[in-house]
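Please read the structure below before turning to the comments.
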Amino acid sequence: MDLLKIAEAAFAKEKKEFPAFKSGDTITVAYRIAE
-18 MDLLKIAEAA FAKEKKEFPA FKSGDTITVA YRIAE
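The opening residue of the sequence shown carries number -18 in the numbering used here; numbering runs sequentially from there.
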């Protein structure tokens, strides 16, 4: 297995599932400011 496939497999495991939303829905967003 080459390095690219290993990296793709690692990122595929970390993929987060987001709930379905559409325009007009209220969502909460968390953020961090780095200076």
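Beta carbons are placed, not taken as given, at the ideal position from N, Cα and C, and that holds for glycine. Given the structure is predicted, the values throughout are model-derived calculations rather than measurements.
* To do: Let me know the secondary structure DSSP gives residue -14 once reduced to three states.
  => Translated into positions along the sequence shown, residue -14 becomes position 5. Three-state DSSP puts residue -14 in a helix.
* Closer than 8 Å by C-beta to residue -9: which residues in its own chain qualify, once you throw out the five before and the five after it? Chain order, please. => Mapped onto the sequence shown, residue -9 falls at position 10. Once the five neighbours on either side are set aside, residue -9 has no close Cβ partner at all.
* To the nearest angstrom, report how far apart residue 3 and residue -17 are at their CA atoms. => The sequence position of residue 3 within the sequence shown is 22, counting from 1. The sequence position of residue -17 within the sequence shown is 2, counting from 1. Taking the straight line joining both Cα atoms gives about 39 Å.
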